[in-house]
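Peer 1: Here it is, the structure, as structure tokens.
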Amino acid sequence: MARSNLTAWLKKAAAGEDIGIRYGGKVFVLHPIEEEDTSYAEKEYGVTKVDLKRFAERMDAKIKRNRKAGKYKIFNGNIEDLLKD
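Position one of the sequence shown corresponds to residue 0 (numbering that gives the first Met the number 0), numbered consecutively onward.
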């Protein structure tokens with residue numbers, strides 16, 4: 000039932016209603032989180048918010064350098080084109 004009505008359930012969760020979906024003997028809870036939520040990385044990898052910020056800054060700089068150097072390819076929907084040398 001949740002599959003066909005997911006948008007409605009997400010709207011209810013966004014409005015603050017407690018929503019749980021049972022699947023495979025488990026209950027999954029829907030609730031909004033902040034876009035910058037770092038709790039997963041903190042729990043899963045033991046990193047701090049400062050560690051994550053530094054990592055993000057390094058990755059942003061690396062992406063910028065690689066874009067400038069033309070090292071990235073554009074994906075046009077055809078994986079074969081992307082993998083050509």
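Backbone N, C-alpha and C define an ideal beta-carbon position, used for all residues, glycine too.
Quick caveat, the model's predicted, so the values are computed rather than measured.
Quick check on the DSSP output: the alpha helix (DSSP H) that includes residue 11 runs from which residue to which?
Peer 2: 5-13
Peer 1: In whole angstroms, what is the alpha-carbon distance linking residue 71 and residue 32?
Peer 2: 32 Å
Peer 1: In this structure, how does DSSP classify residue 54 when only helix, strand and coil are distinguished?
Peer 2: helix
Peer 1: Shorter than 9 Å from the beta carbon of residue 42 to some beta carbon of chain B?
Peer 2: Absent here is chain B; the protein component of the structure consists of one chain.
Peer 1: Using the C-alpha atoms, what's the distance from residue 52 back to residue 39?
Peer 2: 14 Å
Peer 1: Out of curiosity, what's the CA-to-CA distance linking residue 42 and residue 49?
Peer 2: 14 Å
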